[in-house]
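Positions 1 to 296 (UniProt numbering) are the ones given, in order, by the sequence shown.
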Amino acid sequence: MSEKKPKVTIDDIYELLKEVNNNLTTKIEKIDQDLKTISAKVSQEIEETKDKVTTLETENSELKRRIEETERKLKSNNLIVYGIKEDNLETTASLVDEIEKIIKEKLELNLNSSEITNTYRIGKDKGKKRPILVTINSQMRKREILKNCYKLKGTNIYISEDLIGKDLEERKILVNYMKEARKNNKQASIRGNKLLVDGNLYSIQELEDNNIKKTDYFSPPPERRATSEPSTPNVFVDELEEKTRENIHEVKEEKKLDIPDKKKTARKQVEHRPSPTSRDTPRKRSATRSTTSKRN
């Protein structure tokens, strides 16, 4: 005889499903808890990584700044001379003599060869006039040479500072601003890493942040002008002042046409004024009548 199979009741199925559901719930809760733990750990690691990156960026910026300062110090006594013809037979001594000759004859400065500590051509030889790097033993003498470089105008020779890459890029930007300012009849020159326009100094940051238009060169930055708001660039003040001056000048010219010459007017009044002897005052008329009556 075959054994009878136990009957499966609804209660049995319900209990089985209940057990499966509990197992699934437990596993899901465990997975959820594991995910939260992993997420918290990853978030912590991300924050730590961010802190490390920030620290590295700060250290890198400081290191870069120190390198730039070191480069500036190394180049602080250097000058670069452009436009001197290159000779295949030239030597360091001949270059020194040529530089000394140019400074004496063109710049009208007395420079001894002993003041030039180093000189050589820079750049690749491509058949063109390569610039010459010249090292002067004194920064004061270097500044004196740069101050007299305007005397080279009209020649093919040009002398500049030996700038590091960052300063050279900034100088190019300032030169562009300076050219635009001069096109607008402004007195403009470069002072260090700033631009001097009509007595006002501008940094590159100020020029770019204020969004100064090429046709509006230049008004002082907002903090330097009482007529402008602290947070608003006042680029129209100079134009307004100029128009005001023109209007005042026109009014004065019009008034000059209407104002008579005081000296001429006074002279005419004197000429037409009767003399004191011809004036017939009441006292004189009374005395005349009295004399006439006595004679009668």
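We put the beta carbon where it would ideally sit given N, CA and C, even for glycine.
Just so you know, these numbers come straight off a predicted model, no measurement behind them.
- Asparagine 156 and isoleucine 84 have their alpha carbons spaced roughly 8 Å apart.
- Remark: C-beta atoms of arginine 191 and leucine 201 approach each other more closely than 8 Å.
- Taken through DSSP and simplified to helix, strand or coil, asparagine 60 comes out as helix.
- Distance from the CA of isoleucine 173 to the CA of isoleucine 204, rounded to the nearest whole angstrom, comes to 8 Å.
- Here valine 81 carries a strand assignment [DSSP, helix/strand/coil].
- Here the region 63-73 does not lie against the region 101-116, with fewer than 3 beta-carbon pairs under 8 Å apart.
- In this structure, DSSP gives arginine 121 an extended state, which the three-state scheme calls strand.
- In chain order, Thr92, Leu95, Val96, Ile99, Ile132, Leu133, Val134, Thr135 place their CB closer than 8 Å to the CB of threonine 119, counting only its own chain and leaving out the 5 sequence neighbours on each side.
- Around the C-beta of alanine 181, 16 or more other C-beta atoms lie within 10 Å, and the residue is accordingly described as buried.
- In this structure, glutamate 170 sits away from asparagine 184, with a CB-CB distance that is not shorter than 8 Å.
- For asparagine 88, the closest C-alpha among the options Thr55, Asp125, Ile103 is that of Asp125.
- Assignment of valine 8 by DSSP, reduced to helix, strand and coil, places it in the coil class.
- With distances taken between CA atoms, isoleucine 164 lies nearest to Arg65 out of Leu56, Tyr82, Arg65.
- In the DSSP assignment, arginine 191 is bridged to Lys194.
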